[in-house]
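First up is the structure itself, then whatever we jot down about it.
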Amino acid sequence: MTAPILSVADLRVWFGHPPDRVDAVRGVDLGVSRGESFGLVGESGSGKSTVLRAIAGLSPDWSGRIEVAGESLSGARRSAAFHRRVQMVFQDPYASLHPRHTVDRVLAETLTLQGMDDIDRRIVRLLDDVGLGRGFRFRYPHQLSGGQRQRVAIARALAGEPELLLLDEPTSALDVSVQAEILNLLTDLRADRGLTYLMVSHDLAVIGHLCQRLAVMQAGGIVDRLDVADLRAGRSGSDYTRHLIAASQYQRA
Amino acid sequence: MSDVSLRDWLLTDAPQTRRQARLGAFYQGWLVFRSNHLALLGLVILVLLVGTAIFAPWIAPQSPFAQDLADRLQPPSAEHWLGTDALGRDILSRLIWGSRITLFIVGTVALISPLIGLLIGTVAGFAGGWVDQVLMRITDIFLAFPKLILALAFVAALGPSVTNAVLALALTGWPPYARLARAETLTIRNADFIAAARMQGASAPRLLILHIWPLCLSSLIVRVALDMAGIILSAAGLGFLGLGAQPPAPEWGAMISDGRTYILDHWWVAAMPGIAIFLVSLAFNFLGDGLRDVLDPKGAGE
């Protein structure tokens with residue numbers, strides 16, 4: 001195993017001030033190696049998305065230690081190097097694209113911000129990479145389907161050629177056939193570009209498809225860690241995980 | 001390009017260039033706007049108003065200042081379509097020249113106040129914390145005064161003139177826009193697309209100007225169009241009180257004020273500028289209604 005690109009130690013995240021303070025994450029430790037695909041599973045409110053948002057700099061109140069490629073992070077400020085290295089794909093493709101910006105504008109702005117040159121050619125290539133033809137280039141989000149929007153969001157995340165992608169339930173807002181398309185796209189992109197994924201999902205099947213290792217979260221803490229072979233075989237040390245696996249199998253039956 | 005294919009070109013789902021995408025979005029808005037007949041009527045009236053203002057020297061049958069005391073207070077006739085006022089000036093000519101003053105007032109106020117409001121409101125909503133508190137308390141202070149009284153105080157301090165009336169109206173008109181812009185910003189600032197832009201390293205001014213302003217602008221434009229009637233009436237009110245345009249300038253509010261003395265015996269002196277103010281106010285209200293159909297983000301897209 002290579003050096004971890006992301007390491008998180010004793011991460012605690014909270015919202016609000018006492019007496020209304022809510023502790024969303026209570027002491028999480030994680031290590032993700034370069035090139036790996038790591039999953040975080042848990043039910044709603046288990047704090048899995050909050051872990052991602054804290055890493056991304058979108059949740060300002062946290063304590064503990066987060067390191068990305070040796071760079072130690074603090075608060076909600078992130079360096080240009082961080083933005084270059086880490087990108088995020090959001091859960092709801094209907095909310096993650098600016099309603100008044102065309103696909104072209106979204107990608108052009110991103111490329112400019114990332115300091116890329118040759119923007120015109122790169123936009124065309126990005127659209128090809130995520131399986132959207134150049135016919136989609138000048139469309140507004142309302143002219144796109146959910147799956148197409150998520151492809152645009154993925155293209156945007158890839159524009160700066162990041163190393164680590166934070167995936168916040170990238171398929172849960174899509175219907176099943178489109179889910180499969182997006183998952184296959186993510187798998188292909190990872191293989192092509194040597195990306196590292198940290199993916200959050202409540203869906204064990206999705207995690208099983210995309211990830212090699214996973215951690216199970218409950219009530220703000222990690223209750224179990226296992227790899228995909230264990231998951232498939234249903235081997236698990238924790239009651240909660242067995243319960244989750246059983247529930248997901250029941251769902252599909 | 002034939003008519004049908006131009007329409008298809010504009011309405012296509014897969015525009016080929018930036019320009020086509022923009023024109024297509026514009027054309028779609030126009031289609032929505034066109035289906036609202038009252039809004040179209042409002043637009044026509046306003047286009048006529050602008051035309052009148054531009055071509056005033058050629059349209060006006062007489063000079064707005066030419067007095068003829070032998071002909072004073074004449075009812076509408078073939079010679080003076082809308083009659084003459086107390087000094088024998090042709091009311092139609094004065095109305096036509098007055099449209100310039102009205103447009104100047106409305107245009108300037110509609111440019112300044114929403115801009116101040118947009119800036120203060122979005123900065124307050126986006127920055128949050130103490131910045132928000134300070135800016136919103138200032139807004140509250142301005143809101144606590146009746147608008148016209150505050151404008152009166154400004155004009156009294158600066159001296160009566162059209163420019164000062166405009167300034168006073170603009171400086172007292174921004175707080176509702178600031179409120180509106182702040183409310184819009186609060187709903188947008190935590191949206192995923194803002195978070196995504198932040199993740200790309202977009203700076204706060206960039207997020208504010210390129211991402212948040214375009215979304216606040218549409219509701220502001222609608223609000224301004226609907227408030228236009230109020231601005232015209234406030235300007236006319238200031239004119240009526242003698243604090244706006246000074247005689248002999250043919251400002252519509254001042255014309256009503258002049259006609260007040262004769263209102264029982266010579267109704268047209270006050271009624272004609274009144275009708276003009278009414279028509280233009282109504283036109284702006286219709287236009288605002290139509291613009292809301294086009295621009296309201298809740299109705300569009302999705």
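Respectively, the protein sequence lines represent chains A and B.
Going by full-length UniProt numbering, the residue at position 94 of the first sequence is 94; the numbering climbs one at a time, nothing skipped.
Going by full-length UniProt numbering, the residue at position 148 of the second sequence is 148; the numbering climbs one at a time, nothing skipped.
Ideal Cβ positions, reconstructed from N, Cα and C, are used throughout, including at glycine.
Just so you know, these numbers come straight off a predicted model, no measurement behind them.
Judged by their CB atoms, residue 108 of chain B and residue 170 of chain B are nearer to each other than the 8 Å cut-off. Going by DSSP, residue 88 of chain A is part of no alpha helix (DSSP H) but of the beta strand (DSSP E) stretching over 86-89. Counting other Cβ atoms within 10 Å of its Cβ, residue 134 of chain B stays below 16 and is therefore classed as exposed. Residue 104 of chain A has a beta carbon lying within less than 8 Å of a beta carbon in chain B.
By the Cβ rule, the region 55-66 of chain B does not count as touching the region 109-120 of chain B, because fewer than three pairs are nearer than 8 Å.
Residue 176 of chain A and residue 70 of chain A have their C-alpha atoms spaced approximately 38 Å apart.
For chain B, the residues of the region 38-58 of chain A that bring a beta carbon within less than 7 Å of one of its beta carbons are 56 and 58, in chain order.
Counted as a single uninterrupted DSSP element, the beta strand (DSSP E) harbouring residue 4 of chain A occupies residues 4-15. Contact check for residue 41 of chain A against residue 106 of chain A fails: the beta carbons are separated by 8 Å or more.
The bridge partners DSSP lists for residue 197 of chain A are A/37 and A/165. Per DSSP, the continuous alpha helix (DSSP H) segment holding residue 293 of chain B begins and ends at 268-295.
A check of alpha carbon separations from residue 213 of chain B across B/43, B/121 and B/258 identifies B/121 as the nearest. Taken atom to atom, the span from the alpha-carbon of residue 270 of chain B to that of residue 255 of chain B is near 7 Å. Judged by DSSP in its simplified three-state form, residue 20 of chain B adopts helix. Counting every other CB atom within 10 Å of its CB across the protein chains shown gives residue 79 of chain B a total below 16, marking it as exposed.
For residue 160 of chain A, the C-beta contacts it makes with chain B under 9 Å involve 200 and 201, in order along the chain. Note on geometry: alpha-carbon atoms of residue 267 of chain B and residue 150 of chain B lie some 32 Å from one another.
When A/31, A/17, A/49 and A/78 are compared, the shortest CA-CA separation from residue 61 of chain A is found for A/17. Taking the Cα positions, residue 69 of chain B is about 25 Å away from residue 241 of chain B.
Residue 132 of chain A and residue 122 of chain A have their C-alpha atoms roughly 13 Å apart. When C-beta atoms of the region 179-194 of chain B are compared with those of the region 75-84 of chain A, fewer than three pairs fall below 8 Å, so the two segments do not count as touching. What residue 114 of chain A touches in chain B, judged by beta-carbon distance under 8 Å, is 200 and 201, going in chain order. Among the residues facing chain A, residue 18 of chain B is included, as its CB has a counterpart in that chain under 8 Å away.
Between the alpha carbons of residue 43 of chain B and residue 221 of chain B lies a distance of about 15 Å. Within the region 201-222 of chain B, contact with chain A at the beta-carbon level (separation under 7 Å) is assigned to 201, 202, 211, 214 and 215. Between residue 211 of chain B and residue 101 of chain A, the alpha-carbon positions lie close to 9 Å from each other.
Taking a beta-carbon distance threshold of 8 Å, residue 189 of chain A does not count as an interface residue toward chain B.
Taking 8 Å as the upper bound for CB-CB distance, residue 195 of chain A and residue 163 of chain A are in contact here, some 7 Å apart. Going by DSSP, residue 228 of chain B is part of the alpha helix (DSSP H) stretching over 213-240. The shortest CA-to-CA distance from residue 277 of chain B to any of B/146, B/96, B/187 and B/294 is the one to B/96. Of all alpha-carbon atoms in A/20, A/161, A/184 and A/117, the one lying nearest the alpha-carbon of residue 150 of chain A is that of A/184. Within 9 Å of the CB of residue 92 of chain A, the CB atoms of chain B belong to 192, in sequence order along the chain. Interface with chain B (8 Å Cβ-Cβ cutoff): residue 140 of chain A is included. For residue 230 of chain A, the enclosing alpha helix (DSSP H) covers residues 228-233. In summary, the residues of the region 126-152 of chain A whose CB is separated from some CB of chain B by less than 9 Å are 133, 134, 135, 136, 137, 138, 139, 140, 141, 142 and 143, in the order they occur in the chain. Judged by DSSP secondary structure, residue 67 of chain A falls within the beta strand (DSSP E) whose first and last residues are 62-68.
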